[in-house]
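Novice: Residue numbers (the UniProt record's numbering): 1 to 454.
Glycine is no exception: its CB is placed at the ideal position from the N, C-alpha and C atoms.
One structure, as structure tokens, below. Some questions next.
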């Protein structure tokens, strides 16, 4: 900044004008207080270092007469902060953080004190009160000609509407530093503020499921927004209606990796219908980004549901299937081998049980039948089959005759079955007495009457 004032007398001293006011283009002034005793010659260049004050106007402080004129020129030695070099992302998601790298340079002729760089989002390149303030960066003082590499991390608030903006950074945004040029402090670049929008498409779920059973859900997550979406969770519920609330039954979640704008991903999840769930009609609701990790342009299109009928778990039902293998004859005291299959043809899982084997005079089990032995059977899921074998001894106390060999599954009634009357099958078997023979006998070939032989 420089100004020229006319003096009316060459002998006037500068000290007589200590209360004079020197103005800049904004009509701000600072008192002239330089250590110069007099003006010699027609003009003089001096310095003023006082702080500018606002809204004062030039008065007739300097004495004038008609003898002669001389010029005084105020030449300023001021800093000049600027920041033309920066790195700004071309796009950012609502709710995300961005990093700005830029350089502040003092291209003036005096050192600059500490300052702040302010950052804004603006629909144009003109800063005004409607622009969105993002934050600031503190900049240390800079010597004349010096530069400082700066960086700032800024959050794109969730209240910012997606669209095209200018990201403006305003050096010395609070005006702490008096500069020789106040019109080169604002810089910026175009930035697109985007926002993802997750939704669920093409879900495939069963129309019914049994309590205690597992179901598989296949579905597609699509990001139909114009910004990338980070990782999220889809959560699944059983609800009597299509509104999710605390009374709904949570089934589980499916982790969904991030999706670029416009991208889709096929997902699948398997869940168990817990035993605490009452049979009835429900909506199976699948809720994209249920935890709200992703800031979306539309938060009202994330939950969808389909009707599903939950039926009673039912009970298991154990049977002996496929004609068990057993010998048709056996001798008293012998050991026989049995093989058979236990099938759970019921709707529920069967816990571990015991198969017992009996000899009976008929095909019906009764308490007077003769127990031969038993076989432990592990738990069997609904629809499952367990192949079993057993070795059974025909006790010496058993009388010879025709019998039925009974296979009685869940003989101890450990399993609550839907049908308790189909647990016994039989096979005909004949039990023979022991067939004793003498073999490999040795004896003397001659003997005398009255003698002993060995």
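Per DSSP, which one or two residues make a beta bridge with residue 234?
Specialist: Paired residues: 254.
Novice: Identify the residues that DSSP records as bridge partners of residue 117: which are they?
Specialist: According to DSSP, residue 117 bridges with 137.
Novice: How many Å lie between residue 126 and residue 183 at the Cα?
Specialist: Using only the alpha carbons, I get a separation of about 12 Å.
Novice: Quick one: is residue 358 buried, meaning 16 or more other Cβ sit within 10 Å of its Cβ, or exposed?
Specialist: Under this definition residue 358 is a buried residue.
Novice: In whole angstroms, give me the CA-to-CA distance for residue 30 and residue 135.
Specialist: Note on residue 30: pLDDT 36, under 50, position unreliable in the model; no value is reported.
Novice: Nearest to residue 361 by alpha carbon, out of 287, 413, 370?
Specialist: Checked all of 287, 413, 370; the closest Cα to residue 361 is 370.
Novice: Could you check the C-alpha separation between residue 82 and residue 255 for me, to the nearest Å?
Specialist: Spanning the two alpha carbons is a distance of roughly 47 Å.
Novice: Under the assumption that residue 282 contacts residue 240 (Cβ atoms under 8 Å), give the Cβ distance between them as a whole number of angstroms.
Specialist: The pair is a contact, with the Cβ atoms about 6 Å apart (cut-off 8 Å).
Novice: Can you have a look at residue 191 and say buried or exposed, based on whether 16 or more other CB atoms are within 10 angstroms of its CB?
Specialist: When all chains shown are included, residue 191 counts as buried.
Novice: Give a yes or no on whether the C-beta atoms belonging to residue 474 and residue 236 are separated by under 8 Å.
Specialist: In this structure the chain extends from 1 to 454, so residue 474 is not present and cannot be described.
Novice: Quick one: which unbroken beta strand (DSSP E) runs of 3-plus residues sit fully inside the UniProt domain "CARDB" (195-304)? Chain order, please.
Specialist: Taking only runs of at least 3 residues, the beta strand (DSSP E) segments lying wholly in the UniProt domain "CARDB" (195-304) are 198-204, 208-210, 214-223, 232-239, 249-256, 264-272, 280-287.
Novice: Ordered along the chain, which non-local residues of its own chain (more than five positions away) have a Cβ less than 6 Å from that of residue 205?
Specialist: Counting only Cβ-Cβ distances below 6 Å, and skipping sequence neighbours, we find 217, 284, 306.
Novice: Grab the span of the beta strand (DSSP E) containing residue 106 for me, first residue to last.
Specialist: 97-106 is the span of the beta strand (DSSP E), which, as asked, contains residue 106.
Novice: Given 8 Å as the limit, is there contact between the region 143-153 and the region 107-120, that is, 3 or more CB pairs closer than that?
Specialist: With the cut-off at 8 Å, the region 143-153 and the region 107-120 touch.
Novice: Under 7 Å Cβ to Cβ from residue 348, same chain only, skipping five residues before and after it: list those, please.
Specialist: Closer than 7 Å at the Cβ level, and outside the excluded window around residue 348, lie 212, 313, 314, 315, 316, 382.
Novice: Quick one: what does DSSP say residue 393 is sitting in, helix, strand or coil?
Specialist: Three-state result, residue 393: strand.
Novice: Confirm, please, whether the CB-CB distance from residue 102 to residue 150 is below 8 Å.
Specialist: Yes, they are a contact pair.
Novice: Looking at residue 328: is its Cβ nearer than 8 Å to the Cβ of residue 453?
Specialist: No; because the gap between Cβ atoms is not below 8 Å, this pair is not in contact.
Novice: Between which two residues does the beta strand (DSSP E) harbouring residue 81 extend?
Specialist: Residue 81 -> beta strand (DSSP E) spans 81-87.
Novice: Residue 400 bridges to which residues according to DSSP?
Specialist: In DSSP, residue 400 forms no bridge with anything.
Novice: Less than 8 Å between C-beta atoms, sequence neighbours within five positions excluded: which residues of the same chain meet that for residue 209?
Specialist: Hits under 8 Å: 215, 273, 308, 309, 310, 311.
Novice: So, at 8 Å on beta carbons, what are the nonlocal neighbours of residue 259 in its own chain, with the 5 sequence-adjacent residues on each side left out?
Specialist: These residues qualify, in order along the chain: 196, 198, 221, 222, 223, 228, 229, 265.
Novice: Determine the contact status of residue 387 and residue 341, defining contact as a CB-CB distance below 8 Å.
Specialist: Yes, they are a contact pair.
Novice: Take residue 140 and list the residues in its own chain whose beta-carbon comes closer than 8 Å to its own, dropping the five residues that flank it on each side.
Specialist: The answer, listed in chain order, is 114, 148.
Novice: Please classify residue 426 as buried or exposed, where buried requires at least 16 neighbouring CB atoms within 10 angstroms.
Specialist: It counts as buried.
Novice: Residue 351 and residue 397 look like a contact to me (Cβ under 8 Å); what is the Cβ gap, rounded to whole Å?
Specialist: Wrong, their Cβ atoms sit about 34 Å apart, outside the cutoff.
Novice: Once DSSP output is grouped into helix, strand and coil, what is the label at residue 180?
Specialist: Residue 180 falls in the coil class under three-state DSSP.
Novice: For residue 94 and residue 225, I'd like the C-alpha separation in whole angstroms.
Specialist: Whole-angstrom Cα-Cα distance: 11 Å.
Novice: Can you give me the Cβ contacts of residue 408 inside the same chain, cut-off strictly under 7 Å, excluding the 5 residues immediately before and after it?
Specialist: Cβ within range, chain order: 355, 356, 358, 365, 423, 424.
Novice: Going by DSSP, what residues sit across from residue 371 in a beta bridge?
Specialist: Residue 371 is bridged to 358.
Novice: Rounded to a whole number of angstroms, what is the C-alpha to C-alpha distance between residue 419 and residue 372?
Specialist: Residue 419 and residue 372: Cα-Cα distance of roughly 25 Å.
Novice: Taking buried to mean at least 16 other C-beta atoms within 10 Å of its own C-beta, is residue 88 buried or exposed?
Specialist: By the neighbour-count rule (16 or more Cβ atoms within 10 Å), residue 88 is buried.
Novice: In whole angstroms, what separates the C-alpha of residue 122 from that of residue 187?
Specialist: Rounded to the nearest angstrom, the two C-alpha atoms are 12 Å apart.
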